[in-house]
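Participant: Each position in the sequence shown, counted from 1, maps to that position plus 115 in the numbering used here.
I'd like to ask some things about the structure below.
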Amino acid sequence: MAKADKTQVGQLFDSISERYDFLNHFLSFNIDKKWRRKTIKELSSGKDLILDVATGTCDLAIEIINQQKASHIIGIDISKGMLEKGQEKLDRLNLTEKITLRQEDCHNLSFEDNSFDAVVVGFGVRNFRDLLQGIKEINRVLKPNGELIVLEFSKPKYSLISFFYNLYLNHLLPLIGRLFSKHIYAYTYLPNTINEFVYGKKFIEKLGEAGFQNSTYKELTFGVATIYKAIK
116 MAKADKTQVG QLFDSISERY DFLNHFLSFN IDKKWRRKTI KELSSGKDLI LDVATGTCDL
176 AIEIINQQKA SHIIGIDISK GMLEKGQEKL DRLNLTEKIT LRQEDCHNLS FEDNSFDAVV
236 VGFGVRNFRD LLQGIKEINR VLKPNGELIV LEFSKPKYSL ISFFYNLYLN HLLPLIGRLF
296 SKHIYAYTYL PNTINEFVYG KKFIEKLGEA GFQNSTYKEL TFGVATIYKA IK
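Shown next as structure tokens:
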């Protein structure tokens with residue numbers, strides 16, 4: 116399956132932005148909240164400025180503030196609709212002074228070199244149309260010795276779990292997603308990106324190609340999701 120271009124990806128997430136949070140929690144049985152908490156625990160404290168790439172509706176950025184890991188966060192996303200929902204959430208939680216949102220393409224960031232103490236990406240790298248270019252851009256804007264923390268879906272290794280996971284991912288999830296969102300392509304596209312993503316050791320290799328070092332990964336919930344950590 117060919118990668119969607121940035122306009123297509125933006126429009127796709129615009130189309131599901133109204134129900135995105137509900138569906139995320141519902142379709143993951145609320146486990147995604149626990150995954151985000153664990154992900155941010157991997158981040159060192161005392162950061163002045165963090166970039167949250169593919170921030171969506173800001174759940175990961177808000178978790179950073181909740182754990183007091185940073186003074187300020189800039190959240191970026193290609194989808195205007197997702198950013199609008201995120202801004203509503205920040206307004207409601209009085210976090211507008213802590214988190215700033217911008218519409219950006221992760222393959223061509225507007226920030227100067229060595230701008231951020233850390234970069235986080237939650238469920239976003241598999242949507243990069245050019246994975247290596249996106250990771251290289253993240254490396255460019257990170258300060259030397261800056262941290263990259265990535266939370267992304269992966270595939271379970273154990274055969275029985277893998278069988279039921281694939282049944283859910285490829286058949287039930289698109290069906291349920293269509294019932295709630297009415298956007299047929301969106302919930303076919305999302306499983307496809309998970310199936311095609313280079314997770315685990317292969318993603319670690321990509322991080323190395325992009326200039327990162329000391330890269331590690333930790334599987335969550337039988338390998339359904341994985342946390343990656345790397346240093347510039």
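All C-beta atoms, glycine included, are put in the ideal place defined by N, C-alpha and C.
Is the beta carbon of D228 closer than 7 Å to that of R255?
Facilitator: Mapped onto the sequence shown, residue 255 falls at position 140. Mapped onto the sequence shown, residue 228 falls at position 113. Yes, the Cβ-Cβ distance between R255 and D228 is below 7 Å.
Participant: Note down, in chain order, each residue of its chain lying with its Cβ closer than 6 Å to the Cβ of F243, except the 5 sequence neighbours on either side.
Facilitator: Counting from one through the sequence shown, the residue named residue 243 turns up at place 128. Closer than 6 Å at the Cβ level, and outside the excluded window around F243, lie G249.
Participant: How many Å lie between A340 and T154 at the Cα?
Facilitator: Numbered from 1 along the sequence shown, position 225 holds the residue referred to as residue 340. Numbered from 1 along the sequence shown, position 39 holds the residue referred to as residue 154. Near 11 Å, if we compare the C-alpha coordinates of T154 and A340.
Participant: For F128, which of helix, strand or coil comes out of DSSP?
Facilitator: On the sequence shown, position 13 is the one that residue 128 refers to. Three-state result, F128: helix.
Participant: Would you call the CB atoms of I189 and T211 closer than 7 Å?
Facilitator: Position 74 of the sequence shown, counting from 1, holds the residue named residue 189. Position 96 of the sequence shown, counting from 1, holds the residue named residue 211. Cβ atoms of I189 and T211: not closer than 7 Å.
Participant: Does K347 pass the burial test, meaning 16 or more other C-beta atoms within 10 Å, or should it be called exposed?
Facilitator: Position 232 of the sequence shown, counting from 1, holds the residue named residue 347. It counts as buried.
Participant: Taking 7 Å as the cut-off, decide whether the C-beta atoms of K344 and T331 are in contact.
Facilitator: By one-based count along the sequence shown, residue 344 stands at place 229. By one-based count along the sequence shown, residue 331 stands at place 216. Their beta carbons are under 7 Å apart, which means K344 touches T331 by this criterion.
Participant: With a CB to CB cut of under 7 Å and the five nearest residues on each side skipped, what residues in its chain are close to M116?
Facilitator: Counted from its first residue, the sequence shown places residue 116 at position 1. Here the model assigns M116 a pLDDT of 40, short of 50, so the residue's position is not dependable and the matter cannot be decided.
Participant: Could you name the residues of the same chain whose beta carbon sits closer than 6 Å to that of G237, not counting the 5 residues immediately before and after it, in chain order?
Facilitator: The sequence position of residue 237 within the sequence shown is 122, counting from 1. The answer, listed in chain order, is L175 and L266.
Participant: Taking the C-alpha atoms as reference points, what is the distance between F231 and G292?
Facilitator: Translated into positions along the sequence shown, residue 231 becomes position 116. Translated into positions along the sequence shown, residue 292 becomes position 177. Their Cα atoms are separated by approximately 36 Å.
Participant: Nearest-angstrom Cα distance between E262 and L164?
Facilitator: Mapped onto the sequence shown, residue 262 falls at position 147. Mapped onto the sequence shown, residue 164 falls at position 49. Cα-Cα distance, rounded: 12 Å.
Participant: Tell me which residue opens and which closes the alpha helix (DSSP H) that L247 is part of.
Facilitator: The residue you call residue 247 lines up with position 132 of the sequence shown. From DSSP, the alpha helix (DSSP H) with L247 extends over L246 to V256.
Participant: Could you tell me if D206 is buried or exposed, where buried requires 16 or more neighbouring beta carbons within 10 angstroms of its beta carbon?
Facilitator: Taking the first residue of the sequence shown as 1, we reach residue 206 at position 91. D206 should be labelled exposed.
Participant: Put N307 into one of helix, strand or coil per three-state DSSP.
Facilitator: Against the sequence shown, residue 307 aligns to sequence position 192. Correct three-state label for N307: helix.
Participant: Three-state secondary structure (DSSP) at K333?
Facilitator: Numbered from its first residue, the sequence shown carries residue 333 at position 218. It is a strand residue.
Participant: Can you tell me whether DSSP reads F243 as helix, strand or coil?
Facilitator: Along the sequence shown, one-based indexing puts residue 243 at 128. F243: coil per DSSP, three-state reduction.
Participant: When you compare only the Cα positions, how much space is there between K162 and S225?
Facilitator: Taking the sequence shown and counting its residues from 1, one reaches residue 162 at position 47. Taking the sequence shown and counting its residues from 1, one reaches residue 225 at position 110. Taking the straight line joining both Cα atoms gives about 21 Å.
Participant: Going by other Cβ atoms of all chains shown within 10 Å of its Cβ, with 16 needed for buried, is E178 buried or exposed?
Facilitator: Taking the first residue of the sequence shown as 1, we reach residue 178 at position 63. It counts as buried.
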